[in-house]
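Single-structure report; data block below.
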Amino acid sequence: MQEFRPPASGARFRFWLAVAVAVAGIVPLVAVGSLVWTPVQVEYVVADGVLTISPGGWFDGERRVEVGLVASVRPVDAVRGRRRVGTVMPGYCVGRFHYESLGTVWQATDCGREAVLLEVRGEDLPWLVTPPRRADFIARLSAGGGYSARLPIAPRGWFHVAMAALVLAGVTTLAAVIALLKAGPSRLVYLVGDGRLEVRTLFTRREWNAAELHAHRHSPRRWLRLMGSSVPGYHTGLFRLDGARTRVYAAHRGEGVLLEGAERVFLTPEDADAFLAALHAHGTVIE
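See below:
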């Protein structure tokens with residue numbers, strides 16, 4: 001069979017685009033994955049006149065303050081809180097939150113109600129914590145030492161299942177996009193012979209009876225992807241071109257060849273004249 005390919009261009013651009021997509025995709029996937037596979041555990045330590053709060057997550061930094069800078073400490077009920085910025089999962093709430101009765105706080109808690117609110121000099125927001133033995137924590141904080149406690153590891157449940165599914169979907173999507181950018185254009189090929197037209201892409205193969213087709217050059221003005229892939233150098237799937245449903249197997253959105261028969265098909269062979277001549281030799285009507 002005669003082989004025709006779309007024009008090859010933009011390989012370097014697609015390479016760097018694939019690198020950018022990989023980097024942009026890996027960061028959030030690692031962030032979500034850390035919640036799924038890394039046990040997170042908040043720790044409070046009062047020793048040598050310093051309070052240390054260690055949230056335990058990869059992206060939640062440790063906080064330290066001298067006890068003398070704690071202006072006030074009091075037990076509170078933390079109810080009806082809303083996250084502003086931070087991490088929320090069963091048994092683990094870290095970041096900026098807003099409460100109707102407390103205002104906006106920074107917290108590292110087990111999301112529980114029985115909490116301690118700290119007013120710290122030099123900090124924009126109060127700190128909210130949920131230490132075990134709340135009265136003992138307040139007493140030891142006043143004394144400047146002798147307290148260490150870790151909250152239970154956040155339990156695994158539906159949240160982790162949902163996050164694991166999200167990570168899996170993200171990895172699959174990221175791999176597919178990178179594959180399209182790297183390998184898609186080189187795998188797009190048009191074959192004419194034995195009375196038929198065959199189109200091969202990265203993932204699919206379709207063919208048509210050449211004698212049932214009408215073909216002519218065409219430059220679409222309006223593109224709308226309905227289903228399929230569309231990245232630089234590789235557009236495949238079901239589109240609406242100029243308002244009509246069309247199967248597209250193209251390297252670009254410029255001039256190509258429009259085939260009409262049982263369905264509309266748009267292709268972009270590099271040598272359109274030779275492609276049309278080959279189709280004509282196998283029975284396609286050239287308009």
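Be aware that the sequence shown starts at 1, since it is given in this note's numbering, and climbs by one per residue.
Yeah, the Cβ is synthetic: ideal placement off N, Cα and C, and Gly gets one too.
N- and C-terminal bounds of the beta strand (DSSP E) containing residue i
i: H280; result: That residue, H280, is in no beta strand (DSSP E); its alpha helix (DSSP H) goes A272 to A281.
i: A139; result: Here A139 belongs to no beta strand (DSSP E); instead the alpha helix (DSSP H) covers R134 to A143.
i: S230; result: W223 to V231
i: G95; result: Y92 to Y99
i: L125; result: Where L125 is concerned, there is no enclosing beta strand (DSSP E), given that its DSSP letter is neither H nor E.
i: T52; result: V50 to S54
i: M89; result: G81 to M89
i: L267; result: R264 to L267
i: Q107; result: G103 to T109
i: G57; result: Here G57 belongs to no beta strand (DSSP E), and DSSP marks it neither H nor E.
i: T236; result: Y234 to L241
i: Q288; result: The question about residue 288 has no answer here: the residues shown for the chain are numbered 1 through 287.
i: S148; result: Y147 to R150
Outcome for residue i when other beta-carbon atoms lying within 10 angstroms are tallied against a minimum of 16
i: A78; result: buried
i: V46; result: buried
i: T246; result: buried
i: L226; result: exposed
i: W158; result: exposed
i: R74; result: exposed
i: G57; result: buried
i: D110; result: buried
i: R12; result: exposed
i: T172; result: exposed
Simplified DSSP state of residue i, which is helix, strand or coil
i: V21; result: helix
i: P75; result: strand
i: T204; result: coil
i: M165; result: Checking the displayed sequence, the identity of residue 165 turns out to be Ala instead of Met. A165: helix per DSSP, three-state reduction.
i: T246; result: strand
i: G193; result: strand
i: L118; result: strand
i: G254; result: coil
i: L180; result: helix
i: V67; result: helix
(Q) Measuring CB atoms only, is the region 6–26 touching the region 75–82, in the sense that at least three cross pairs come out at less than 8 Å? (A) no
**Q.** Contact between the region 27–35 and the region 199–219 (3+ Cβ pairs under 8 Å)
**A.** no
(Q) Under 8 Å, with one C-beta from each stretch per pair, do the region 218–233 and the region 180–187 reach the 3-pair mark? (A) yes
(Q) Is it the case that the region 246–261 contacts the region 270–280, given that we only count it when at least three CB pairs across the two stretches are under 8 Å? (A) yes
Q: For the region 90–100 and the region 66–73, state whether three or more C-beta atom pairs, one from each stretch, are separated by less than 8 Å.
A: no
Q: Inspect the CB distances between the region 207–220 and the region 158–172 and report whether three or more fall short of 8 Å.
A: no
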